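Peer 1: 5 is the number of the first residue of the sequence shown in our numbering; add one for each residue after it. Can you read through this structure? Questions will come right after.
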Amino acid sequence: MSPAAQTFDDADDRPSGGAGLERISAAWKRRKWLGIIVCLLPLTATLTAIIALPDLYQSTALVLVERQQVPEAFVRPTVTSQLEIRLQTISQEILSRSRLESLITRFGLYPNLRTRTPSEEAVDQMRRDIQIDLRGNDPKKGGSTTAFALSYRGADPQTVAQVTNTLASFYIEENLKARERQATGTAEFLRNQLGEAQKRLDEQEAKVSAFRRRNMGSLPQQMAANLAALDSLNARLRSNVDNQVRLAERRDQLASQLAQARIDAGGPEPDDVRLARLRQALVALRMKYTDLWPDIVQIKDEIARLEKQMADPKSKPKTAEIPPTPEVMRLQGMLKSAETELALTKTDEQRLRKSMDSYQARIDETPKNEQEFQELTRNYETTKDLYQNLT
């Protein structure tokens, strides 16, 4: 008994893989229906719950966002870059309790929740069923939102579509109201800007006109004309001076001829001619004799008397006038004409020099006026461009 028992115990203690599989197989054969039932119960319950759930439908409306047409130089864009803020503001109005309750009542939504619980739960459920998805360019590339998708889900497909369209119309209406308010403010802003631009443009035009009137003749665009006029006046002045020299020589020549003609006609020698003759004689005598020489003393006394007499014509003794000969009268007329022409030439010289001084002053003022004129013109053009953009 003892050896046999020992042998049995040894065989029972050794592990065997085949025996384990045989025990599992035997257990499966005995309990397979129980295992199948245990597995089918949860599966059946899950499928039943899934089948029992109501069908859900989702409708989506895509709303595009238009960019504002007002130039960005005057009004900063507020539609694209701030769309998220605008949507949040509009959503607070549309997803308010009063709006959603009116929709729930209008379309008969969530009847179970309305009959069993307060309306706040139906409103909260509808808020959860509404989704807003912003769409647009790639934000990494500096894009901005240009559209958003509005979705709503529910059990009835037609009702879901109607609710979605109604919500989208609400967003559009609220956006139009906001845009209308913004457009009103923008229009008023542009009117004010246009008025201010018109006022500044008128002021700039008045400044430019006043500057032109005040500096007429010395404007930058008149620089070339002034230089040409100055060159012409210089040429005329040189010709005038040459003409004066010619006329002076002719006058002196005629005066000498007239004096000689009067002497030839038996008349007295003119004081200026006699004074010139005595001075020449005095110079010739001084080259030979000293000032104590009687002839030199006599000539000096005669020169002093003539100079005193010429300085005071009233002291000149009266002499019998001799009728002028035709030659003397002819020379007197020619001399008077030469003296008149010479006087006119000198007057013209003064006028030319005055004109040259005026043109030279204009040329000297041009660089300073050019800088001021450029600044006025630049301000005027800037204001004009701003006014044209506003109009």
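Glycine included, C-beta positions come from ideal geometry on N, C-alpha and C. Note that the coordinates shown come from a computational prediction; the quantities given were computed from them, not determined experimentally.
Since Ile98 and Phe152 are thought to touch, with beta carbons under 8 Å apart, how far apart are those beta carbons, to the nearest angstrom?
Peer 2: Taking the sequence shown and counting its residues from 1, the one referred to as residue 98 is at position 94. Taking the sequence shown and counting its residues from 1, the one referred to as residue 152 is at position 148. Going by Cβ atoms, the distance from Ile98 to Phe152 rounds to 13 Å, so no, they are not a contact pair.
Peer 1: What would DSSP say about Val164, mapped onto helix, strand or coil?
Peer 2: By 1-based counting over the sequence shown, the position of residue 164 is 160. Val164: helix per DSSP, three-state reduction.
Peer 1: Leaving aside the five residues before and after Met338 along the sequence, list all residues of the same chain whose C-beta is less than 8 Å from its C-beta, in chain order.
Peer 2: Here the question's residue 338 lines up with position 334 in the sequence shown. Within the same chain, Met338 has close Cβ partners Leu258.
Peer 1: With burial defined as no fewer than 16 other Cβ atoms inside 10 Å of the residue's Cβ, what is the status of Ala263: buried or exposed?
Peer 2: For the purposes of this step, residue 263 is taken as residue 259 along the sequence shown, with counting starting at 1. When all chains shown are included, Ala263 counts as buried.
Peer 1: Helix, strand or coil for Ser155 per DSSP?
Peer 2: As a working mapping, residue 155 is identified with position 151 in the sequence shown. Strand at Ser155.
Peer 1: Compute the beta-carbon to beta-carbon distance between Asp299 and Leu289, rounded to the nearest angstrom, for a pair I have assumed lies under 8 Å.
Peer 2: Along the sequence shown, one-based indexing puts residue 299 at 295. Along the sequence shown, one-based indexing puts residue 289 at 285. Correct: roughly 6 Å between the Cβ atoms.
Peer 1: Starting from Val67, trace the beta strand (DSSP E) in both directions and tell me its first and last residue.
Peer 2: Counted from its first residue, the sequence shown places residue 67 at position 63. Val67 -> beta strand (DSSP E) spans 61 to 68.
Peer 1: Return the CA-CA distance between Arg240 and Leu356, expressed in angstroms with no decimal places.
Peer 2: Mapped onto the sequence shown, residue 240 falls at position 236. Mapped onto the sequence shown, residue 356 falls at position 352. So the alpha carbons of these two residues sit roughly 8 Å apart.
Peer 1: State the Cα-Cα distance for the pair Arg254 and Leu279, rounded to the nearest angstrom.
Peer 2: On the sequence shown, residue 254 is found 250 positions in, with the first residue counted as 1. On the sequence shown, residue 279 is found 275 positions in, with the first residue counted as 1. Going from the Cα of Arg254 to the Cα of Leu279 covers about 21 Å.
Peer 1: Just how far apart, CA to CA, sit Thr370 and Arg250?
Peer 2: Taking the first residue of the sequence shown as 1, we reach residue 370 at position 366. Taking the first residue of the sequence shown as 1, we reach residue 250 at position 246. Distance between the alpha carbons of Thr370 and Arg250: 38 Å.
Peer 1: How long is the line joining the alpha carbons of Phe111 and Arg132, rounded to whole angstroms?
Peer 2: Locating residue 111 in the sequence shown gives position 107, counting from the first residue. Locating residue 132 in the sequence shown gives position 128, counting from the first residue. If you take the alpha carbons of Phe111 and Arg132, they lie about 17 Å apart.
Peer 1: Classify Leu138 as helix, strand or coil using the three-state DSSP reduction.
Peer 2: Position 134 of the sequence shown, counted from the start, is the residue given in the question as residue 138. It is a strand residue.
Peer 1: How about Gln96 and Leu394: do their beta carbons lie closer than 7 Å?
Peer 2: Within the sequence shown, numbered from 1, the residue matching residue 96 stands at position 92. Within the sequence shown, numbered from 1, the residue matching residue 394 stands at position 390. No, these two residues do not count as a Cβ contact at 7 Å.
Peer 1: Quick one, are the C-beta atoms of Ser155 and Gln129 less than 7 Å apart?
Peer 2: For the purposes of this step, residue 155 is taken as residue 151 along the sequence shown, with counting starting at 1. For the purposes of this step, residue 129 is taken as residue 125 along the sequence shown, with counting starting at 1. No, the Cβ-Cβ distance between Ser155 and Gln129 is not below 7 Å.
Peer 1: Kindly indicate which three-state DSSP category Thr294 falls into: helix, strand or coil?
Peer 2: Along the sequence shown, one-based indexing puts residue 294 at 290. Coil, per DSSP.
Peer 1: Going by other Cβ atoms of all chains shown within 10 Å of its Cβ, with 16 needed for buried, is Arg216 buried or exposed?
Peer 2: Along the sequence shown, one-based indexing puts residue 216 at 212. Burial call: exposed.
Peer 1: With contact counted as at least three CB pairs below 8 Å, one residue from each stretch, are the segment 194 to 208 and the segment 377 to 391 in contact?
Peer 2: The segment 194 to 208, when compared against the segment 377 to 391, does touch it at the 8 Å Cβ threshold.
Peer 1: Buried or exposed: which applies to Gly199, given that a residue is buried once 16 or more other Cβ atoms fall within 10 Å of its Cβ?
Peer 2: Sequence index remark: in the sequence shown, residue 199 carries index 195 (1-based). Under this definition Gly199 is an exposed residue.
Peer 1: For a test of the three-state rule: what should DSSP assign to Thr150, helix, strand or coil?
Peer 2: Translated into positions along the sequence shown, residue 150 becomes position 146. Looking at Thr150 - three-state DSSP - the assignment turns out to be strand.
Peer 1: First and last residue of the alpha helix (DSSP H) that includes Asp128?
Peer 2: Along the sequence shown, read from residue 1 onward, the residue named residue 128 stands at position 124. Run containing Asp128: 123 to 133, per the alpha helix (DSSP H) assignment.
Peer 1: Go through the segment 340 to 386 residue by residue and report every complete run of the beta strand (DSSP E) that reaches 3 residues or more, in order.
Peer 2: You should have found no qualifying run.
Peer 1: Measure how close the beta-carbons of Val69 and Thr150 come, nearest whole angstrom, since I'm counting them as under 8 Å.
Peer 2: For the purposes of this step, residue 69 is taken as residue 65 along the sequence shown, with counting starting at 1. For the purposes of this step, residue 150 is taken as residue 146 along the sequence shown, with counting starting at 1. Val69 to Thr150, Cβ: 5 Å. Contact.
Peer 1: Grouping DSSP H, G and I as helix and E and B as strand, with all else coil, what is Ala324?
Peer 2: Locating residue 324 in the sequence shown gives position 320, counting from the first residue. Confidence at Ala324 is low in this model, with a pLDDT of 49, below 50, so its placement is unreliable and the value that follows should be read with caution. Residue state, collapsed to three classes: coil.
Peer 1: What's the C-alpha gap between Ala228 and Leu380?
Peer 2: The count along the sequence shown starts at 1 and reaches residue 228 at position 224. The count along the sequence shown starts at 1 and reaches residue 380 at position 376. So the alpha carbons of these two residues sit roughly 21 Å apart.
Peer 1: Decide if Arg90 is buried, meaning its Cβ has at least 16 other Cβ atoms within 10 Å, or exposed.
Peer 2: Stepping through the sequence shown from its first residue, residue 90 is reached at position 86. Arg90 is buried by the Cβ-count criterion.
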